[in-house]
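Undergrad: A single structure is presented below for examination.
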Amino acid sequence: MSTVYISLGSNIQREYHIHAAISELKKISSVCRVSRLFEAEPVGFSGPNFFNCVVEIETSLSFDMLQQTLKELELQYGRLPNAQKNQSRTLDLDILLFDDVCRDFAPVLPRSDIYKFAFVLWPLTELCPDRVIPGDERTVAQLWQSFEHSQALWPVEIAVIV
Numbered sequence: 031m032s033t034v035y036i037s038l039g040s041n042i043q044r045e046y047h048i049h050a051a052i053s054e055l056k057k058i059s060s061v062c063r064v065s066r067l068f069e070a071e072p073v074g075f076s077g078p079n080f081f082n083c084v085v086e087i088e089t090s091l092s093f094d095m096l097q098q099t100l101k102e103l104e105l106q107y108g109r110l111p112n113a114q115k116n117q118s119r120t121l122d123l124d125i126l127l128f129d130d131v132c133r134d135f136a137p138v139l140p141r142s143d144i145y146k147f148a149f150v151l152w153p154l155t156e157l158c159p160d161r162v163i164p165g166d167e168r169t170v171a172q173l174w175q176s177f178e179h180s181q182a183l184w185p186v187e188i189a190v191i192v
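All you need for the working numbering is the position in the sequence shown, starting with 1, plus 30.
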């Protein structure tokens, strides 16, 4: 079994899509923990605010099979096949960490979003503050402590399915 951290995001029918994604992830995992839900302004474009969280799962799927499954879920829930990076979306599912795997080819692991975006790092810190980032000597909590907190981000009081 592999321990995997997945970033979830949506800014179209946000609550519905986040709940749907968590329900789908529970079908492919034996353990499922979910951070608090956060609301964040979009980065790099204008549009509705996002709901974001991070989910920890234990899965027997290989990295490639999990990646394919996540892309199929995005399409199933209305993401356009040719969706651009900086635009509104129904569902965005990104593998942040997959055990201690490091990859320097697409998709890169650990995902660089961990170092760039508060909407990824803050919820990840809630789930695994003491986890050392593969290929980096720092823990998730150490990254968060040194992170530039310039992005508008706040917890949302909506029950998340666990």
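Virtual Cβ for every residue (Gly too), placed ideally from N, Cα, C.
#1: So, are the CB atoms of E69 and N79 less than 8 Å apart?
#2: Which residue's Cα is closest to the Cα of E167: A148, F147, P140?
#3: Compute the Euclidean distance between the alpha carbons of S32 and T155, then round it to the nearest angstrom.
#4: Can you give the Cα-Cα distance for Q117 and P72, rounded to whole angstroms?
#5: Per DSSP, what kind of secondary structure is D122 in: helix, strand or coil?
#6: If we call anything under 8 Å between Cβ atoms a contact, is A148 one with H179?
#7: Closest to L151 by CA distance: which of T89, I125, M95, L96 is it?
#8: Between the beta-carbon of V23 and the beta-carbon of Y35, is there less than 8 Å?
#9: Quick one: complete beta strand (DSSP E) runs, 3+ long, within the stretch 119 to 191?
#10: If the criterion is Cβ atoms closer than 8 Å, does the pair L8 and S40 meet it?
#11: Can you tell me which residues form a DSSP beta bridge with C35?
#12: Which partner residues of V64 appear in the DSSP bridge assignment?
TA: Taking the structure as given:
#1: yes
#2: P140
#3: 19 Å
#4: Answer to the nearest angstrom: the Cα atoms are 8 Å apart.
#5: D122: strand per DSSP, three-state reduction.
#6: yes
#7: I125
#8: Within the shown structure, residues of the chain are numbered from 31 to 192, placing residue 23 beyond reach of any answer.
#9: 122 to 128, 183 to 186
#10: Absent from the model: residue 8. The displayed extent of the chain is 31 to 192, so no value can be given.
#11: Position check: residue 35 holds Tyr in this sequence, whereas Cys was assumed. According to DSSP, which records beta bridges pairwise, Y35 is partnered with E86, L127.
#12: V85
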